[in-house]
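Residue numbers are given in the numbering used here: position 6 of the sequence shown equals residue 5, and the series is strictly consecutive.
The beta carbon of each residue, even a glycine, is placed where N, CA and C say it ideally should be.
The structure under discussion appears below in the form of structure tokens.
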Amino acid sequence: MDIDQIRQDFAALRRSRAGKPPIYFDNASMAMKPQAVTGALMRYYELFPTAGGDGRSVHWFANELREEVSKARMSLQRLINAQSPDGIIFTKNATESLNLVAHSYPFQQCDVILTTDKEHNSNLCPWRNLEAKGRLRHEVVRSNDDNTFDLETLKKRIRAGGVTLVSMVHTSNLDGYTIPAKEIIELCHAYDIPVVLDAAQSVPHKRIDVQELDVDYLAFSVHKMCGPTGVGVLYGKKESLSRLDNFMVGGGTVADTFYHREPLYLDLPWRFEAGLQNYAGVIAAGAAAEYLMRIGLENISQHDYELNRYVSEHLQRYEDIEVLGPQDARLRGGIITFFIKRLGLGDIGEQLDQRNNIMVRTGTFCVHSWFNARSINRNITATRVSLYLYNTIDECKAFIETLDEIMYETKDFPRVEVMTSD
Ligand SMILES: Cc1ncc(COP(=O)(O)O)c(C=O)c1O
């Protein structure tokens, strides 16, 4: 990977503030956009800004648009090696994709859905809501102490019976750890249990092959993979998507409607894409998929790891810093979340930003439930560094040096433990 060359593609990385460049380490939240993607967005608005991606209009512009949307769907298909482009449903984001499954799956009362204990709110709230309405029971597989997946506990729970669906975060946005999805899916399938993967953090960073994984449903957002905002994907096997009720219906989903009988719905993928779509975003999503495939997903994973190892090794030298999750950087993709075990530090994110334009995320990363279940001391804030293909070792050095300054200035602050006893 030629990082200098890659960085040229990202206009935002060429900005400066107070004479210093941006150091963008908040990629788990949102990735920067290369020119290939912003150009694709503009292509729609400048060349064929019309409706008709679904085939309703048959004129010149609509035909060109239809061609572009179909190409984008095929790019996404290739990115995750889906069997067919019809298995790619465009949604607004991963959250909508997960809600689509939750609200369309044919649950029966007393059904049990299993998740991990590290779910992003987007793969937790939909299930908690359905539980509150008495539609199902939500159970949690608690992680091991080092936040890795406890396959033995899952085995015991699956063998005990009664589980209808398993929906799990593939790569955690909390600590970067990736669950053993293939083993989990094999185990669940042996008991006829379909599996949903929340792949919001894995698809942008790893080669994902849905056929090799044999996963039933896979949800992700395009904005974390250098694509535009407002586009997500729900992948499903044909038979898995066919089991879902299309809960959002209307224009674009039907072949015919009547007053005396049910509407006649279109086939996949159209019956899940109601209303005029975000065509600009969809076309740009295709451009983002092509961009990542050109660079190579294996190269991206390796680059993430090399930077992660560098940062982790430095952080692990501080007695007062605790890196969350497994200590081996190879198991944490591009994410390093850590606690500084000192009181009264203020927001490290603000300090890094103010001192050297270093943009990280602090707080609970939409995984509040994990913090609450583990009695994490809320007086100390977690800080997350999340890396991506355009980040460099020099940026990591600048981060370590800036953090070192902060650590030195605050070395006499009172020490506390991360876990509270209450
Ligand atoms: C693991 C995980 N799941 C789901 C989501 C939700 O993504 P979106 O807000 O794009 O729907 C995120 C976003 O941070 C995430 O990290």
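### Message
Check for me: the alpha helix (DSSP H) holding Met418 runs from which residue to which?
### Response
As a working mapping, residue 418 is identified with position 419 in the sequence shown. Per DSSP, Met418 lies in no alpha helix (DSSP H) segment and is marked neither H nor E.
### Query
For ligand 1, any of its heavy atoms closer than 7 angstroms to the Cβ of Asp197?
Taking the sequence shown and counting its residues from 1, the one referred to as residue 197 is at position 198. Yes, the Cβ of Asp197 comes within 7 angstroms of a heavy atom of ligand 1.
### Message
Tell me which residue opens and which closes the alpha helix (DSSP H) that Glu45 is part of.
### Response
As a first step, residue 45 must be located in the sequence shown, where it is residue number 46. Its alpha helix (DSSP H) spans residues Gln34 to Leu46.
### Task
With distances taken Cα to Cα, identify the nearest neighbour of Ala199 among Val214, Met224 and Val366.
In the sequence shown, residue 199 corresponds to position 200, counting from 1. The alpha carbon of Ala199 has as its nearest neighbour, out of Val214, Met224 and Val366, the alpha carbon of Met224.
### Query
Based on the DSSP output, what are the partners of Arg136 in its beta bridges?
As a position in the sequence shown, residue 136 is number 137, starting the count at 1. According to DSSP, which records beta bridges pairwise, Arg136 is partnered with Val111.
#### Entry: Length of the line joining the Cα atoms of Val359 and Ile405
Position 360 of the sequence shown, counted from the start, is the residue given in the question as residue 359. Position 406 of the sequence shown, counted from the start, is the residue given in the question as residue 405. When the Cα atoms are used, Val359 and Ile405 turn out to be separated by approximately 15 angstroms.
### Query
Taking just the CA atoms, how far does Leu99 sit from Ser142?
Taking the first residue of the sequence shown as position 1, residue 142 is located at position 143. Taking the first residue of the sequence shown as position 1, residue 99 is located at position 100. The C-alpha of Leu99 is placed about 26 angstroms away from the C-alpha of Ser142.
### Task
Give me the Cβ distance between Ala218 and Asp244, rounded to the nearest whole Å; I'm assuming they're in contact under 8 angstroms.
Position 219 of the sequence shown, counted from the first residue, corresponds to residue 218. Position 245 of the sequence shown, counted from the first residue, corresponds to residue 244. Wrong, their Cβ atoms sit about 17 angstroms apart, outside the cutoff.
### Query
Going by the beta-carbon positions, is the gap between Met418 and Ser374 smaller than 8 angstroms?
Sequence index remark: in the sequence shown, residue 418 carries index 419 (1-based). Sequence index remark: in the sequence shown, residue 374 carries index 375 (1-based). Their beta carbons are under 8 angstroms apart, which means Met418 touches Ser374 by this criterion.
### Where Ala381 sits in the DSSP three-state scheme
The sequence position of residue 381 within the sequence shown is 382, counting from 1. It is a strand residue.
### Query
Does the distance from the C-beta atom of Asp174 to that of Gly324 stay below 8 angstroms?
Numbered from 1 along the sequence shown, position 175 holds the residue referred to as residue 174. Numbered from 1 along the sequence shown, position 325 holds the residue referred to as residue 324. The Cβ-Cβ distance between Asp174 and Gly324 falls below 8 angstroms.
### Query
Quick one: what's Met358 bridged to in DSSP?
As a working mapping, residue 358 is identified with position 359 in the sequence shown. Paired residues: Tyr23.
### Query
Bridge partners of Asp255, per DSSP?
Counted from its first residue, the sequence shown places residue 255 at position 256. In DSSP, Asp255 forms a bridge with Leu263.
### Task
Could you say if the stretch 292–300 and the stretch 263–276 meet the contact criterion of at least three C-beta pairs nearer than 8 angstroms?
Because the criterion of three Cβ pairs below 8 angstroms is not met, the stretch 292–300 and the stretch 263–276 do not touch.
#### Entry: Selected residue, minimal CA-CA separation from Gly133, among Asp110, Lys396 and Leu40
Sequence index remark: in the sequence shown, residue 133 carries index 134 (1-based). Out of Asp110, Lys396 and Leu40, Asp110 has the C-alpha closest to the C-alpha of Gly133.
### Query
So does Gln200 have its beta carbon nearer than 7 angstroms to some heavy atom of ligand 1?
If you number the sequence shown from 1, residue 200 lands on position 201. The answer is yes for Gln200.
### Query
CA-CA distance, Asp235 and Tyr216?
Locating residue 235 in the sequence shown gives position 236, counting from the first residue. Locating residue 216 in the sequence shown gives position 217, counting from the first residue. Position check: residue 235 holds Gly in this sequence, whereas Asp was assumed. The straight-line gap from Cα to Cα measures roughly 4 angstroms.
### Message
Taking 7 angstroms as the cut-off, is the beta-carbon of Ala27 closer than that to any non-hydrogen atom of ligand 1?
### Response
Here the question's residue 27 lines up with position 28 in the sequence shown. Distance from the C-beta of Ala27 to the nearest heavy atom of ligand 1 is below 7 angstroms.
### Message
At a threshold of 7 angstroms, does Val168 count as lining ligand 1 (C-beta to nearest heavy atom)?
### Response
Mapped onto the sequence shown, residue 168 falls at position 169. Annotation for Val168 indicates a beta carbon within 7 angstroms of some heavy atom of ligand 1.
#### Entry: Asp319, DSSP secondary structure in three states
Working through the sequence shown from its first residue, we reach residue 319 at position 320. The three-state secondary structure of Asp319, taken from DSSP, is coil.
### Task
Could you please give the first and the last residue of the uninterrupted beta strand (DSSP E) stretch that includes Tyr216?
The count along the sequence shown starts at 1 and reaches residue 216 at position 217. Looking at the DSSP string, the run of the beta strand (DSSP E) that includes Tyr216 is Tyr216 to Ser220.
### Query
Helix, strand or coil: which one does DSSP assign to Asp166?
Residue mapping note: residue 166 aligns to position 167 of the sequence shown, counting from 1. Rather than Asp, the amino acid found at residue 166 in this sequence is Ser. Here Ser166 sits in strand by DSSP.
### Query
CA-CA distance, Leu263 and Ile320?
Working through the sequence shown from its first residue, we reach residue 263 at position 264. Working through the sequence shown from its first residue, we reach residue 320 at position 321. Computed Cα separation, rounded: 59 angstroms.
#### Entry: the stretch 29–45 contacting the stretch 165–174, beta-carbon criterion three pairs below 8 angstroms
No, they do not touch.
### Task
Indicate the three-state DSSP secondary structure (helix, strand or coil) for Ile392 in the structure shown.
As a first step, residue 392 is located in the sequence shown; it is residue number 393 there, counting from the start. In the three-state DSSP reduction, Ile392 falls in the helix class (H, G or I).
### Query
What's the call for Thr152, buried or exposed, on a 16-neighbour Cβ count within 10 Å?
Mapped onto the sequence shown, residue 152 falls at position 153. It is exposed - the Cβ of Thr152 has fewer than 16 other Cβ atoms within 10 Å.
### Query
Taking just the CA atoms, how far does Gly251 sit from Phe257?
As a working note, residue 257 is residue 258 in the sequence shown. As a working note, residue 251 is residue 252 in the sequence shown. Taking the straight line from one Cα to the other gives about 15 angstroms.
### Message
I need the straight-line Cα distance from Gly160 to Thr90, nearest angstrom please.
### Response
On the sequence shown, residue 160 is found 161 positions in, with the first residue counted as 1. On the sequence shown, residue 90 is found 91 positions in, with the first residue counted as 1. For Gly160 and Thr90, the distance between alpha carbons rounds to 33 angstroms.
### Message
Can you tell me whether Ala11 is buried or exposed? The criterion is at least 16 other CB atoms within 10 Å of its CB, across all chains shown.
### Response
The count along the sequence shown starts at 1 and reaches residue 11 at position 12. Result: exposed.
### Task
Assuming Gly274 and Val230 form a contact by the criterion Cβ under 8 angstroms, report the distance between their Cβ atoms to the nearest whole angstrom.
On the sequence shown, residue 274 is found 275 positions in, with the first residue counted as 1. On the sequence shown, residue 230 is found 231 positions in, with the first residue counted as 1. About 14 angstroms; that fails the 8 angstroms criterion.
### Message
Using a Cβ distance threshold of 8 angstroms, determine whether the stretch 68–85 contacts the stretch 282–289, with at least three qualifying pairs required.
### Response
Output reads yes: the stretch 282–289 touches the stretch 68–85.
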